[in-house]
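Chains as they are written, first to last, in this note's numbering: chain X, 11 to 217; chain R, 1176 to 1620. One structure is given below, encoded as structure tokens.
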Amino acid sequence: MNALAIAYRESSVTDSRPSPHQDDLALAAAAGSGDSAAAERFVRRAIPIVRRVSRAIIADRTESEDALQLALIEVLSAARTYRGTGAFDHWVRKVASRAVIRHARKTRSSRIHSIEEQADTRHTSMSTTMLESLPRSLEHYLDELPENQRVAMLLRHALGHTIAEIAELTDAPVPTVLSRIKKARQELRRLIQRDVNLGVKPVARTS
Amino acid sequence: MNNNAADFDEARWRRLSDAEASEEQLSDTDRDFLYNFSPRSDAAKAEAQFFAALASLGDSQPGEAQPGDEEPANSPLVHATVQHVLAAQRNEVVADISPPPAKTRRRWAVPGLAAAAAAVALWLGVSTDQATTSDGQAPAMAVNDVEPAAPSTADQAPAPAPTTTAAAVDVAPPQPAAPTHFSVESGSLLDASGATLQANAIVSGSVQVGEQLGCVGFGDSTACFESGARFELSDDSPQTLVVVEGRGVIESPEITVGVMQVEIAGDHYTMSSPVKMHATVHSRKAAKVEIVSGQVEVRDADGQTRTLKAGEIRGRDKVQRPVVVPDAKTLLGRAQASSSAGDRRAAISHYEKLLRHYPDLPMSKAALVPLAEKYLEIGKPGPALRHFERYIRLGGVAAQEAHNGRIRALDALGRKAKKQEAIEAFLERYPSSPYAAKYRASLSK
């Protein structure tokens, strides 16, 4: 399977853990009941997942670290609500996504809000992802989308949430989420095709 | 493979990838095709690379520590998180999970949480006759163990003997500090003299939202209003935000530290519980407030109090008189005439109307560059930059002018690094431009 295939598969992962999650359930229950050692193990387990969520949603590294800290508190605070019916990683990702989106909307410092929108109010160094075949940066194309489409794309393709989860996380009906994703993909395709046809060459540098 | 077959395959690949994104069921054959497809055209390669990069967004970068390697570096964060949450659980302390103002947020979490945990530990240490942990043990930290400046790991230490002292008895349980003033949360806010207020600045008196959205914060509560909105902020207790006019959202989170009072059209709203409400304020007497979620206590001018719940609306929209908008050519003509007459602000107003009412017309796109120039001329590089960048994104015959204008706007904003980057990009894109010599000279300085 090539890298592209892996990326596609990862982007649609929902719950691939076959185990019944008994160990995770016990850990979450202990952490939620105030066992500090269990809570520490729980947080260590959650950090890589929460960090990926915060980095995917918030481009600015410093802001994403802030969001990581706040999301970890929310995840640990919610530990007792984990029922073990789904994978632990998946549950953490969902709780963290909700926390990071809320933080990002409040601070208006994320990929959720366009980089252009921030440019006038903040002096942060936004990372740009330049790719060999892509005429402009990844962030540039995301920035071209309306906010609700951008959020749906990040949740779906960067974090692998299901359509139903995105609907829940964004307070939108499922058909609306489907429509946003469809329109976003069409628009991205159009923009990329346009730039390729125009022979646009990457000019920005990774920062 | 001939071109037709390649085109057919790419079309199929796009259709299947769209279907997978929408969670449509794929056959095994389609799935195999999708996962093993190698795009041939430049556009398809770019598209595939885009989605592959999107799927790995947030992953560790090459050269960066992998999750397994980060364990020691994570320790302060782990300890601080655990201490904070457990302290909140044990003592029912109102855990403020919202970030403090950005000014202090950078270094907040680890030492801040540790200090909070240490304060809780201090309280526990002097109150052992009343407090026990969930497993029935004596509290695990003694006064002497407290290290306010560093994360504490004393939870795992043997339970010490109670160390009550006369001085320590007076130590109060930790409480999050209630806010005492309003501050600039984000966006563009102007004071009574029209000067721009810096982010996180303490603010009181008359405030107006500038050209963009502007947010005022009070503790964890925020009021974000659109351009042109006006507030009056009173620091006298209870601290009150009076919305004079404008449209926006007022929100109080789940866990609220400090109660913000909001006055809209003579009604007083007490933001003491989770609530989100939309407000459209026409004047000091007329407004429409819609509760989106949660609930809020509202007291009217007669002193009558009631609770507004999610979905409820108070007041109503002002009856809008029909506005006759001139056609696009007329607006453009007026803008150009004002510009020729030297009335830059009138020109901006006409250009903005053109963009607002006819955003999709080619002439609206063409108006972006002269509009941005006018903003630069009146000393407003922020909106100028925004319009130049919008034109650059859309593309057009004036792209070189737009790039040139963008550099000048960045210069006016004092964003040197971005300006340098923009000049380099400009020279790469337009090496023989009339502006190139000037920019090369500026780079060589």
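Note that the Cβ used here is the ideal one computed from N, Cα and C, for glycine as well. This one's a predicted model, so the numbers in the text were calculated from it and none came from an experiment.
Which of the three DSSP states is assigned to residue i in this structure?
{"i": "Ala69/X", "result": "coil"}
{"i": "Tyr1444/R", "result": "strand"}
{"i": "Arg1189/R", "result": "helix"}
{"i": "Leu1529/R", "result": "helix"}
{"i": "Arg1590/R", "result": "coil"}
{"i": "Ala1332/R", "result": "Interpretation of Ala1332/R is limited by its pLDDT of 33, a score under 50 that renders its predicted location unreliable; the figure taken from the coordinates is listed afterwards. In this structure, Ala1332/R counts as coil in the three-state DSSP scheme."}
{"i": "Ala1462/R", "result": "strand"}
{"i": "Gly1389/R", "result": "strand"}
{"i": "His167/X", "result": "helix"}
{"i": "His1453/R", "result": "strand"}
{"i": "Phe1406/R", "result": "strand"}
{"i": "Gln1383/R", "result": "strand"}
{"i": "Lys1484/R", "result": "strand"}
{"i": "Glu1360/R", "result": "strand"}
{"i": "Ile59/X", "result": "helix"}
{"i": "Val187/X", "result": "helix"}
{"i": "Glu1552/R", "result": "helix"}
Drop a sphere of 10 angstroms on the beta-carbon of residue i, count the other beta-carbons inside from all chains shown, and report buried for 16 or more, exposed for fewer.
{"i": "Gln1373/R", "result": "exposed"}
{"i": "Glu73/X", "result": "buried"}
{"i": "Asn1579/R", "result": "buried"}
{"i": "Ala194/X", "result": "buried"}
{"i": "Gln196/X", "result": "exposed"}
{"i": "Val102/X", "result": "buried"}
{"i": "Lys1591/R", "result": "exposed"}
{"i": "Asp1411/R", "result": "exposed"}
{"i": "Glu1603/R", "result": "exposed"}
{"i": "Asp181/X", "result": "exposed"}
{"i": "Phe1621/R", "result": "There is simply no residue 1621/R to check, as chain R begins at 1176 and stops at 1620 in what is shown."}
{"i": "Met1538/R", "result": "exposed"}
{"i": "Ser1358/R", "result": "buried"}
{"i": "Ala1616/R", "result": "exposed"}
{"i": "Gly1233/R", "result": "buried"}
{"i": "Gly1486/R", "result": "exposed"}
{"i": "Glu1360/R", "result": "buried"}
{"i": "Leu1618/R", "result": "exposed"}
For chain R, is any of its Cβ atoms less than 8 Å away from the one on residue i?
{"i": "His31/X", "result": "no"}
{"i": "Gly96/X", "result": "no"}
{"i": "Tyr92/X", "result": "no"}
{"i": "Ala39/X", "result": "no"}
{"i": "Leu155/X", "result": "no"}
{"i": "Leu148/X", "result": "yes"}
{"i": "Arg27/X", "result": "Note that Arg27/X scores a pLDDT of 46, beneath 50, so its modelled location is shaky and nothing firm can be said."}
As a quick exercise: from the options, pick the residue whose alpha carbon is nearest that of residue i.
{"i": "Asp1207/R", "options": "Arg1215/R, Ser1197/R, Leu1191/R and Ser1216/R", "result": "Leu1191/R"}
{"i": "Asp153/X", "options": "Arg51/X, Ile68/X and Ile59/X", "result": "Ile68/X"}
{"i": "Ile191/X", "options": "Leu164/X, Arg65/X, Leu169/X and Asn207/X", "result": "Leu164/X"}
{"i": "Val1437/R", "options": "Pro1449/R, Val1419/R, Ala1454/R and Thr1415/R", "result": "Thr1415/R"}
{"i": "Leu1635/R", "options": "Leu1569/R, Ser1608/R, Ser1607/R and Gly1554/R", "result": "Since the displayed chain R opens at 1176 and closes at 1620, residue 1635/R lies outside it and no answer follows."}
{"i": "Glu1195/R", "options": "Ala89/X, Leu188/X and Leu201/X", "result": "Leu188/X"}
{"i": "Asp1518/R", "options": "Asp1502/R, Glu1552/R and Arg1489/R", "result": "Glu1552/R"}
{"i": "Val1464/R", "options": "Pro1449/R, Gln1383/R, Ser1447/R and Lys1484/R", "result": "Lys1484/R"}
{"i": "Arg54/X", "options": "Ala66/X, Ser64/X and Ala41/X", "result": "Ala41/X"}
{"i": "Arg93/X", "options": "Leu78/X, Ala39/X, Arg71/X and Val85/X", "result": "Ala39/X"}
Determine, for residue i, whether the minimum Cβ-Cβ distance to residues of chain X falls below 8 Å.
{"i": "Asp1193/R", "result": "yes"}
{"i": "Thr1482/R", "result": "no"}
{"i": "Ser1608/R", "result": "no"}
{"i": "Glu1198/R", "result": "yes"}
{"i": "Ser1309/R", "result": "Because the pLDDT of Ser1309/R is 34, which lies under 50, any placement of that residue in the model is unreliable, and the question is left without a value."}
{"i": "Arg1568/R", "result": "yes"}
{"i": "Lys1613/R", "result": "no"}
{"i": "Thr1371/R", "result": "no"}
{"i": "Lys1220/R", "result": "yes"}
{"i": "Asp1203/R", "result": "no"}
{"i": "Asp1475/R", "result": "no"}
{"i": "Asp1217/R", "result": "yes"}
Cβ of residue i within 7 Å of any heavy atom in the ligand ADP?
{"i": "Pro185/X", "result": "Ligands displayed in this structure: none; no statement on the ligand ADP is therefore possible."}
Contact residues within the segment 174-186 of chain X, judged by C-beta distance below 7 Å to chain R: Result list empty, no residue passes.
Between the segment 1248-1262 of chain R and chain X, which residues of the former have CB atoms less than 7 Å from a CB of the latter, in chain order? Asn1249, Leu1252, Val1253, Thr1256, Val1257, His1259, Val1260 and Leu1261
Closer than 8 Å, Cβ to Cβ, to anything on chain R: give me those residues from the segment 100-116 of chain X, in chain order. For the segment 100-116 of chain X, which is checked against every Cβ of chain R, the residues closer than 8 Å are His113 and Lys116.
Please identify, using Cβ separations under 8 Å, the residues of the segment 1223-1237 of chain R that lie next to chain X, in order along the chain. Ala1223, Gln1224, Phe1225, Phe1226, Ala1227, Ala1228, Leu1229, Ala1230, Ser1231, Leu1232, Gly1233 and Asp1234
Interfacial residues, the segment 157-169 of chain X to chain R, with Cβ spacing under 9 Å: Contact residues of the segment 157-169 of chain X toward chain R are Met163, Leu164, Arg166, His167, Ala168 and Leu169 (C-beta to C-beta distance below 9 Å).
Using a Cβ-Cβ cut-off of less than 8 Å, list which residues of the segment 1443-1456 of chain R approach chain X; keep chain order. For the segment 1443-1456 of chain R, which is checked against every Cβ of chain X, not one residue is closer than 8 Å.
Identify each residue in the segment 1392-1421 of chain R for which the Cβ-Cβ distance to at least one residue of chain X is less than 8 Å, and report them in chain order. Thr1397
Give me the subset of the segment 188-200 of chain X whose CB atoms are less than 7 Å from a CB atom of chain R, sorted by chain position. Leu188, Ile191, Lys192, Arg195, Leu198 and Arg199
Using a Cβ-Cβ cutoff of 7 Å, what residues of the segment 48-67 of chain X are near chain R? List them in chain order. Ala49, Glu50, Val53, Arg54, Ile57, Pro58, Arg62, Val63, Arg65 and Ala66
Counting only Cβ-Cβ distances shorter than 7 Å, please list the residues of the segment 69-85 of chain X near chain R, keeping chain order. Thr72, Asp76, Gln79, Leu80, Leu82, Ile83 and Glu84
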